[in-house]
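Step one of this worksheet: look at the structure below.
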Amino acid sequence: MNQGVVLLGFFLASISVRKTTGALGDAHADVLALCGTWTAALQLAKESVVKADIAEDMTEILNLNMTLAPSEWQQNFKDQGAGNTYEKFKTGKENKLGNTDWTDLWQAWKKTYNEAINTDHQWHKEFKQKGKKPNPSISRGYVAELADAAWALKKQHNSEIPKDQEGAKESLLSDIKAALCSGKLKTKADGSGCEDDAITTTKATTCSDGDGTKEGHSIGMDMMCLCATATPTECLGTPGTEVLGTGNLVSGILAQLQSKCPTLPEAADAIAAAEEALNVLKSRICAQVAADAAGNVLLGKKSTSKHEGTDAACVNYKSYYAQGKQGMESIPWVIKLRSAIKHAKEMRRLTQEKSQQAATIKQLKLKIVAEFAREFKTDDCLAQYKQVMPADDEKQAKNHCSKYDKNKTCTADNKCKWEGKNEADGPCKPKEGEGQTNQGPGAGKEENAEGKMCSEKKSEGECKDGCKWEGETCKDSSILVSKPFSLMVSAFVA
Numbered sequence: 305m306n307q308g309v310v311l312l313g314f315f316l317a318s319i320s321v322r323k324t325t326g327a328l329g330d331a332h333a334d335v336l337a338l339c340g341t342w343t344a345a346l347q348l349a350k351e352s353v354v355k356a357d358i359a360e361d362m363t364e365i366l367n368l369n370m371t372l373a374p375s376e377w378q379q380n381f382k383d384q385g386a387g388n389t390y391e392k393f394k395t396g397k398e399n400k401l402g403n404t405d406w407t408d409l410w411q412a413w414k415k416t417y418n419e420a421i422n423t424d425h426q427w428h429k430e431f432k433q434k435g436k437k438p439n440p441s442i443s444r445g446y447v448a449e450l451a452d453a454a455w456a457l458k459k460q461h462n463s464e465i466p467k468d469q470e471g472a473k474e475s476l477l478s479d480i481k482a483a484l485c486s487g488k489l490k491t492k493a494d495g496s497g498c499e500d501d502a503i504t505t506t507k508a509t510t511c512s513d514g515d516g517t518k519e520g521h522s523i524g525m526d527m528m529c530l531c532a533t534a535t536p537t538e539c540l541g542t543p544g545t546e547v548l549g550t551g552n553l554v555s556g557i558l559a560q561l562q563s564k565c566p567t568l569p570e571a572a573d574a575i576a577a578a579e580e581a582l583n584v585l586k587s588r589i590c591a592q593v594a595a596d597a598a599g600n601v602l603l604g605k606k607s608t609s610k611h612e613g614t615d616a617a618c619v620n621y622k623s624y625y626a627q628g629k630q631g632m633e634s635i636p637w638v639i640k641l642r643s644a645i646k647h648a649k650e651m652r653r654l655t656q657e658k659s660q661q662a663a664t665i666k667q668l669k670l671k672i673v674a675e676f677a678r679e680f681k682t683d684d685c686l687a688q689y690k691q692v693m694p695a696d697d698e699k700q701a702k703n704h705c706s707k708y709d710k711n712k713t714c715t716a717d718n719k720c721k722w723e724g725k726n727e728a729d730g731p732c733k734p735k736e737g738e739g740q741t742n743q744g745p746g747a748g749k750e751e752n753a754e755g756k757m758c759s760e761k762k763s764e765g766e767c768k769d770g771c772k773w774e775g776e777t778c779k780d781s782s783i784l785v786s787k788p789f790s791l792m793v794s795a796f797v798a
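Numbering-wise (the working numbering), the sequence shown opens with residue 305 and increments by one.
Written out as structure tokens, the structure is:
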């Protein structure tokens, strides 16, 4: 169980049965209930949105992206001076760039150029030592898209919450300060509590005149007023400290009361502690004195005659339990503490969101690193592709003979032969052994050892000797070999 909740459970265990007369520690359980809200509020003040460390991953992403950029783009950032700005670059290009704003990116690109392209920079030296670089024409667009996505996440991750928005640190602290020390008390500059009070007016003037309108403005004031009695033992025990002197509040009493408040462990869950503290407080209201016909709703115990008397250890919340009100939830400092809890919950949600953004940025970096590690053997593929496709000179030989349309001109070329029955019915073809190839395009044109073309074989059993069965057709296997390489080459040179 959370340590903060355990301590607050102790507050509940401290509740005593109703008493009809004042006694030592009579209001101790009630002041402990207020103590719980006080210490939980101070713990809430420590909440904040925690950002992850994304600097290293972003540096790697932007630098790797810059190494793939065209040299003419890289040269835009060679000038590292303060005068090299996006505004200067944009001049004369307004029609093309429109509303594009690269102001922040421009400074990042300058830094990236200095690290990734500057041969004297350590990052560049280490990058060169790895000896891994993808084909820019293939990887540039892909890596750029990943870098753009990472930059967008970086902006979200590093963005600050507007101070008037839920989850803003300023709003959290403002609510906590108001909950602790509103009214006649002033908050310490560091928000750690209230300044030493110097309130020396009468109890009736400061705390209550019986109508319940002066209570509930801050935890600090309610603690003071709860314990403002002529006999200090109700809250402070023996020997006690004087709280009222000749009917007036004693200066500095708040610090004495706070010294009685248990502290929360550093690792205590502030949100759980604050919510539990409010539950404890709710259980203490009317615990010692039941609400009466006059609408009095007390925390603590009044005197036999009246609530605002110097012998009464109580706070009257009657105005917050009137018709149309929401009871304890209408008390001003409770409203502020509830608001602080909401801010703290939003802070935790934003922390989780930023953690996820950082994880996504890391994944984008790993994808880019993997792209740089990928090997591109374009030359090897082209060489294999050429082996299975007709050579240029062989193609030229075929085309060379086919241009002749007469027997006389065909046979005049020693590399050609005429296969026509008369002078003009053709065709003219290359002589055997000259210009013959393993054919690429055109299924089934090659003869094999059986003297049959692949396309003439009608069963899978006889589809052999340079042929391959595909579907319901016997095809020249050279076609099947050349096709994948053709697709690969298309991908490489696209």
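Using N, Cα and C, we set each Cβ at its ideal position, and we do this for glycine too. Nothing here was measured: the structure is a model prediction, and the numbers come from that model.
For residue i: DSSP bridge partner residues
| i | result |
| --- | --- |
| W773 | C778 |
| W247 | With the chain represented from 305 up to 798, any question about residue 247 goes unanswered, as that position is not in the structure. |
| A617 | K605 |
Through-space distance from residue j to residue i, alpha-carbon basis
| i | j | result |
| --- | --- | --- |
| A577 | G340 | 8 Å |
| A648 | A483 | 15 Å |
| L561 | I635 | 21 Å |
| Y390 | N380 | 10 Å |
| M527 | E464 | 36 Å |
| G385 | A373 | 21 Å |
| A356 | E364 | 16 Å |
| A534 | Q660 | 58 Å |
| N718 | Y708 | 13 Å |
| L603 | I358 | 51 Å |
| H521 | S643 | 15 Å |
| A674 | H425 | 23 Å |
| N600 | I503 | 25 Å |
| S512 | E360 | 60 Å |
| C485 | A420 | 55 Å |
| N711 | P440 | 54 Å |
| C771 | E736 | 22 Å |
| A574 | D596 | 35 Å |
| A493 | N369 | 47 Å |
| C498 | Q378 | 58 Å |
| R652 | I639 | 20 Å |
| A509 | A331 | Strictly speaking, residue 509 in this sequence is Thr, with Ala absent from that position. T509 and A331: Cα-Cα distance of roughly 21 Å. |
| I589 | G631 | 10 Å |
| Q571 | V584 | As written in the sequence, residue 571 is Ala, which differs from the Gln given in the question. Between A571 and V584, the C-alpha separation is close to 21 Å. |
| P734 | S706 | 8 Å |
| Y625 | T517 | 11 Å |
| K606 | T505 | 20 Å |
Boundaries of the alpha helix (DSSP H) in which residue i is found, first to last residue
| i | result |
| --- | --- |
| H332 | H332 to L348 |
| R588 | A574 to R588 |
| G524 | I523 to L530 |
| D361 | A359 to L372 |
| D408 | T407 to A420 |
| N711 | N711 to T715 |
| F393 | Y390 to K394 |
| A571 | Here A571 belongs to no alpha helix (DSSP H), and DSSP marks it neither H nor E. |
| N399 | E398 to L401 |
| S375 | S375 to Q378 |
| A559 | I557 to Q562 |
is_contact[residue i, chain E] using C-beta, thresh 8 Å
| i | result |
| --- | --- |
| T389 | Here chain E cannot be found, since the structure has a single protein chain. |
Mind pulling the beta strand (DSSP E) runs of 3 or more residues that sit fully within the region 435-506? none
Flag this pair as touching only if the region 487-501 and the region 663-678 have three or more C-beta atom pairs under 8 Å; answer yes or no. no
Mind the definition here: the region 338-352 touches the region 434-453 only if three or more C-beta pairs lie below 8 Å; say whether that holds. no
Unbroken stretches of the beta strand (DSSP E), 3 residues or longer, contained in the region 616-649: 617-620
Determine contact between the region 387-407 and the region 449-460, defined as no fewer than three beta-carbon pairs at a distance below 8 Å. no
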